[in-house]
Amino acid sequence: MKEIAKQWREEWQFRGKRVFLITLVIGLLTHAFRLTNIMLCADSANYLHTISVSWVMALGRIFLPAVEIVRGNYELTWLIGLASIVFTGLAAVAVVSLFDIRKRIGEILIAWIMVANPVVTGIFGYMYTADGYFFGMFLAVLSVWFCAKQNGIKGFVFGALALYVSLGFYQGFLTTAIMLILLWLYTRLITPGVSLKQFWREFLRFLGMGVTAVVPYYITIHLVWRFSEYGSTNYMGLQSVGTFDVSVITTALTDCCINFARFFLVRWEANFYNISNVLMFVYLAGMLLGLLTKRKLWKEPGRIVVLFVLLLCIPFAVHIFEFMSGGVSYNSIPMSYGIAMLYLAPVLLFSEWGEKESEAENKKHLLKTAGIILMLLICCNFSIVANRAYASMENANTKVEMLLNRLVTRMEMTPGYSEDMEVCIIGSCYQIPEYVDRAPMMSGVVSNIFISQDTEYVNLMNWYMGTSYHCASFERKKELVNTEEFAGMEQWPAENSIRIIDGTILLYLSDVDLDRLLGEDE
Numbered sequence: 137m138k139e140i141a142k143q144w145r146e147e148w149q150f151r152g153k154r155v156f157l158i159t160l161v162i163g164l165l166t167h168a169f170r171l172t173n174i175m176l177c178a179d180s181a182n183y184l185h186t187i188s189v190s191w192v193m194a195l196g197r198i199f200l201p202a203v204e205i206v207r208g209n210y211e212l213t214w215l216i217g218l219a220s221i222v223f224t225g226l227a228a229v230a231v232v233s234l235f236d237i238r239k240r241i242g243e244i245l246i247a248w249i250m251v252a253n254p255v256v257t258g259i260f261g262y263m264y265t266a267d268g269y270f271f272g273m274f275l276a277v278l279s280v281w282f283c284a285k286q287n288g289i290k291g292f293v294f295g296a297l298a299l300y301v302s303l304g305f306y307q308g309f310l311t312t313a314i315m316l317i318l319l320w321l322y323t324r325l326i327t328p329g330v331s332l333k334q335f336w337r338e339f340l341r342f343l344g345m346g347v348t349a350v351v352p353y354y355i356t357i358h359l360v361w362r363f364s365e366y367g368s369t370n371y372m373g374l375q376s377v378g379t380f381d382v383s384v385i386t387t388a389l390t391d392c393c394i395n396f397a398r399f400f401l402v403r404w405e406a407n408f409y410n411i412s413n414v415l416m417f418v419y420l421a422g423m424l425l426g427l428l429t430k431r432k433l434w435k436e437p438g439r440i441v442v443l444f445v446l447l448l449c450i451p452f453a454v455h456i457f458e459f460m461s462g463g464v465s466y467n468s469i470p471m472s473y474g475i476a477m478l479y480l481a482p483v484l485l486f487s488e489w490g491e492k493e494s495e496a497e498n499k500k501h502l503l504k505t506a507g508i509i510l511m512l513l514i515c516c517n518f519s520i521v522a523n524r525a526y527a528s529m530e531n532a533n534t535k536v537e538m539l540l541n542r543l544v545t546r547m548e549m550t551p552g553y554s555e556d557m558e559v560c561i562i563g564s565c566y567q568i569p570e571y572v573d574r575a576p577m578m579s580g581v582v583s584n585i586f587i588s589q590d591t592e593y594v595n596l597m598n599w600y601m602g603t604s605y606h607c608a609s610f611e612r613k614k615e616l617v618n619t620e621e622f623a624g625m626e627q628w629p630a631e632n633s634i635r636i637i638d639g640t641i642l643l644y645l646s647d648v649d650l651d652r653l654l655g656e657d658e
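For the sequence shown, our numbering begins at 137 and goes up steadily by one.
Set out below in structure tokens:
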């Protein structure tokens, strides 16, 4: 431990402090609007600023409730956001140390990519869990650093332990570790002094570290589910993980490629986000060919074959959960952080060129300059996308608040009304999500009305309007919709869309789920 602490202190003094401060400044400038405004999404509206312990435990995120021990069950937007940026800053320090980035522009770009990419913006849509998620991301990055930078059993054990804990905060950050490992292996393959034998040793070490973390985690969550009050859930196909199904494998092979393309090519439109991503991949190909040619690595066909195979593995590696269960969906934005780590690749390649080639060759190499300009433009767009996303969230929250204000005002005008009465809501005013355009889909970031459950309506009415409503049970809803009074009601905003029936105020918003309540689908 003393050696590790000493190494971190030296790294901190050498460049870590600078990288951390760069990340902090860029993170605050990019996300300032989000950190200084309380904006809800559908999930936070349901739980109202607190992590549902039973839900996250059922999801296998067994360490996530620990964040509330530190900050309490409040959505402290500024503090949570600041803590998230701090954890990202520490992760950026680990990445810069991992790849030994020595150029200032490389440090800036890595910090900018890690703290401002669209996945970070999407996670900030779920602010009430963001600090726990980013701590898990930091541990995933740290696990790779331990395994790569600390020789012997010590680095292996600490790496496995860090990854094990990371999985307990959010399993999706496994792909972050995988992507960083792949990037590390790519840099080893294009380094002439690293033999294939040494490469395979490092590959097996990383593989062993991952298995050593994942297997105990898998056992732990099943023990928690079995011997605690928290059961498991089949959300994202969680209960089917570990079962082999050929159809899942074949479907995953296609879905991985499609989802990978969708992240970088949104709706297949000609916009800056898509075009810049295409240019980035073209640049990667050009720079990689340039390095292989300059270093005469094409003379080693075995090395080229391994490199090519690893490149083909990227879409499948960052979507590894697709192979574990047919119910997995990468619509959950934190699962895509590993994909976003691919933006680090151009920075690593032109940093490799700058460190390994002569100064004369370095100055003449236009690809390096082009790469720096391209990545600066991409990073600037990340910050723009973030603020467009937060403007959309603010718009959606305003629409929700105005809707609730209208509903409560109409309820208060109903004869017999009381502010602590039972509320029965039939249907909802939920709108099909409108996501931020020219950016990958961020599930928590929409620009229209996002609440759909009756509990969300009642919770937010109490939160915004200071009422003390309580939500009617499903049995009570079935009882009320089968009354003659309800049969004469019309949908919102009709005059008779709100009525008090037997001491319960009933709001008929839409006919969603009405058949189920009437018993017609039984």
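The C-beta atom is built at its ideal place from N, Cα and C for all residues, glycine as well.
Source: prediction; values computed, not measured.
**OP:** Would you kindly check if the distance between the Cβ of Asn523 and the Cβ of Phe408 is under 9 Å?
**Re:** Numbered from 1 along the sequence shown, position 272 holds the residue referred to as residue 408. Numbered from 1 along the sequence shown, position 387 holds the residue referred to as residue 523. Not in contact: Phe408 and Asn523 (Cβ atoms no closer than 9 Å).
Original post:
Would you report the Cα separation of Ala532 and Ile568, rounded to the nearest angstrom?
Top reply: Within the sequence shown, numbered from 1, the residue matching residue 532 stands at position 396. Within the sequence shown, numbered from 1, the residue matching residue 568 stands at position 432. Taking the straight line joining both Cα atoms gives about 12 Å.
Original post:
Who are the Cβ neighbours of Ser519 in its own chain at under 6 Å, not counting the five residues just before and after it?
Top reply: On the sequence shown, residue 519 is found 383 positions in, with the first residue counted as 1. Closer than 6 Å at Cβ, skipping near neighbours: Thr166 and Ala252.
Original post:
Apart from the five residues just before and just after Ala298, which ones in its own chain have a Cβ nearer than 7 Å to its Cβ?
Top reply: The residue labelled residue 298 in the question sits at position 162 within the sequence shown. Answer for Ala298: Leu275, Leu278, Ser279 and Phe282, listed in chain order.
**OP:** Please name the residue in Leu645, Ala228 and Gly258 whose C-alpha comes closest to that of Phe116.
**Re:** Any answer about residue 116 is impossible in this case: the structure gives the chain only from 137 up to 658.
Subject >> Tyr644 in three-state terms, based on DSSP >> reply: Against the sequence shown, residue 644 aligns to sequence position 508. It is a strand residue.
Subject >> Helix, strand or coil at Glu243 [DSSP, three-state] >> reply: Against the sequence shown, residue 243 aligns to sequence position 107. Residue state, collapsed to three classes: helix.
Subject >> Extent of the continuous alpha helix (DSSP H) run through Cys565 >> reply: For the purposes of this step, residue 565 is identified with residue 429 of the sequence shown, where counting begins at 1. Cys565 -> no alpha helix (DSSP H), and no H or E assigned at all.
Original post:
Are the beta-carbon atoms of Leu543 and Trp404 separated by less than 9 Å?
Top reply: By one-based count along the sequence shown, residue 543 stands at place 407. By one-based count along the sequence shown, residue 404 stands at place 268. Not closer than 9 Å, so no.
Subject >> Glu592 in three-state terms, based on DSSP >> reply: Within the sequence shown, residue 592 is the residue found at index 456, counting from 1. Three-state result, Glu592: helix.
Original post:
Could you give the distance in angstroms between the alpha-carbon of Val536 and the alpha-carbon of Ile585?
Top reply: Locating residue 536 in the sequence shown gives position 400, counting from the first residue. Locating residue 585 in the sequence shown gives position 449, counting from the first residue. Straight-line Cα distance between these residues: approximately 6 Å.
Subject >> Contact between the region 297-316 and the region 340-349 (3+ Cβ pairs under 8 Å) >> reply: yes
Original post:
Out of Tyr269, Gly304, Thr311 and Leu318, which has the shortest C-alpha to C-alpha gap to Leu234?
Top reply: Position 98 of the sequence shown, counting from 1, holds the residue named residue 234. Closest option to Leu234, Cα to Cα, is Leu318.
Original post:
From what residue to what residue does the beta strand (DSSP E) around Ile637 run?
Top reply: In the sequence shown, residue 637 corresponds to position 501, counting from 1. Where Ile637 is concerned, the enclosing beta strand (DSSP E) stretches over Ile634 to Ile637.
Original post:
For Asp657, which three-state DSSP category applies?
Top reply: For the purposes of this step, residue 657 is taken as the residue at position 521 of the sequence shown. The predicted position of Asp657 is uncertain, since its pLDDT is 46 and thus under 50; a value taken from the coordinates is nonetheless stated next. In this structure, Asp657 counts as coil in the three-state DSSP scheme.
Original post:
Does the distance from the CB of Pro576 to the CB of Ser472 come in under 9 Å?
Top reply: Residue 576 sits at position 440 when you count from the first residue of the sequence shown. Residue 472 sits at position 336 when you count from the first residue of the sequence shown. Taking 9 Å as the Cβ cut-off, Pro576 and Ser472 qualify as a contacting pair.
Original post:
With contact counted as at least three CB pairs below 8 Å, one residue from each stretch, are the region 302-315 and the region 442-459 in contact?
Top reply: yes
Original post:
Helix, strand or coil: which one does DSSP assign to Val192?
Top reply: To locate residue 192, count along the sequence shown from 1; it is residue 56. Note: Val192 maps to helix in three-state DSSP.
Subject >> Cα-Cα separation between Val483 and Arg362, rounded to whole angstroms >> reply: Here residue 483 is taken as the residue at index 347 of the sequence shown, counted from 1. Here residue 362 is taken as the residue at index 226 of the sequence shown, counted from 1. Between Val483 and Arg362, the C-alpha separation is close to 46 Å.
Original post:
Just reading off the alpha helix (DSSP H) that Pro328 is part of, what are its end residues?
Top reply: Taking the sequence shown and counting its residues from 1, one reaches residue 328 at position 192. Run containing Pro328: none; DSSP gives neither H nor E here.
Original post:
Is the beta carbon of Arg238 less than 9 Å from the beta carbon of Ile326?
Top reply: Locating residue 238 in the sequence shown gives position 102, counting from the first residue. Locating residue 326 in the sequence shown gives position 190, counting from the first residue. Taking 9 Å as the Cβ cut-off, Arg238 and Ile326 do not qualify as a contacting pair.
Subject >> Beta-carbon contacts of Lys504 that lie in its chain and below 6 Å, excluding the five residues immediately before and after >> reply: Indexing the sequence shown from 1 puts residue 504 at position 368. Cβ neighbours of Lys504 beyond the five flanking positions: Phe486 and Trp489.
Subject >> Val96 versus Leu420: straight-line alpha-carbon distance, rounded >> reply: This structure cannot speak to residue 96, because the chain is shown only from 137 to 658.
**OP:** Return the CA-CA distance between Glu548 and Phe396, expressed in angstroms with no decimal places.
**Re:** Position 412 of the sequence shown, counting from 1, holds the residue named residue 548. Position 260 of the sequence shown, counting from 1, holds the residue named residue 396. When rounded, the distance between both Cα atoms is 50 Å.
Original post:
Count the other CB atoms within 10 Å of the CB of Ile529; is the residue buried (16 or more) or exposed (fewer)?
Top reply: Stepping through the sequence shown from its first residue, residue 529 is reached at position 393. As written in the sequence, residue 529 is Met, which differs from the Ile given in the question. Under this definition Met529 is a buried residue.
Subject >> Three-way DSSP call (helix, strand, coil) for Glu555 in this model >> reply: For the purposes of this step, residue 555 is taken as the residue at position 419 of the sequence shown. Correct three-state label for Glu555: coil.
Subject >> Meets three-Cβ-pair contact criterion under 8 Å: the region 141-160 and the region 209-226 >> reply: yes
Original post:
To the nearest angstrom, how far is it from the Cα of Asn541 to the Cα of Asn173?
Top reply: Indexing the sequence shown from 1 puts residue 541 at position 405. Indexing the sequence shown from 1 puts residue 173 at position 37. Approximately 20 Å, taken between the alpha carbons.
Original post:
Could you give the C-beta distance for Ile205 and Asp267, rounded to a whole number, given that I count them as a contact under 8 Å?
Top reply: For the purposes of this step, residue 205 is taken as the residue at position 69 of the sequence shown. For the purposes of this step, residue 267 is taken as the residue at position 131 of the sequence shown. With 8 Å as the limit, Ile205 and Asp267 do not qualify as a contact, their Cβ atoms being about 12 Å apart.
Original post:
What three-state label does DSSP hand Val155 in the structure shown?
Top reply: Reading the sequence shown from its first residue, position 19 is the one you call residue 155. Val155: helix per DSSP, three-state reduction.
Original post:
Beta carbon of Ser583, beta carbon of Glu570: below 9 Å?
Top reply: As a first step, residue 583 must be located in the sequence shown, where it is residue number 447. As a first step, residue 570 must be located in the sequence shown, where it is residue number 434. Contact: yes.
Subject >> Candidates Arg151, Leu480 and Phe305: closest to Gly196 by CA position >> reply: Here residue 196 refers to the residue found at position 60 of the sequence shown. The candidate whose alpha carbon is nearest that of Gly196 is Phe305.
Original post:
Counting along the chain, where does the alpha helix (DSSP H) carrying Tyr264 start and finish?
Top reply: As a first step, residue 264 must be located in the sequence shown, where it is residue number 128. Counting along the chain, the alpha helix (DSSP H) containing Tyr264 begins and ends at Met263 to Lys285.
Original post:
Taking Cβ positions, are Leu200 and Thr265 nearer each other than 9 Å?
Top reply: Locating residue 200 in the sequence shown gives position 64, counting from the first residue. Locating residue 265 in the sequence shown gives position 129, counting from the first residue. It is a contact, given that the beta carbons lie within the stated cut-off.
**OP:** Keeping to the same chain, check which residues put their C-beta closer than 8 Å to that of Val155; ignore five residues upstream and five downstream.
**Re:** Translated into the one-based positions of the sequence shown, residue 155 becomes position 19. These residues qualify, in order along the chain: Gly225, Ala228, Val229, Val232, Glu243, Ile246 and Ala247.
Original post:
What residues are listed by DSSP as bridge partners for His606?
Top reply: The count along the sequence shown starts at 1 and reaches residue 606 at position 470. According to DSSP, which records beta bridges pairwise, His606 is partnered with Glu558.
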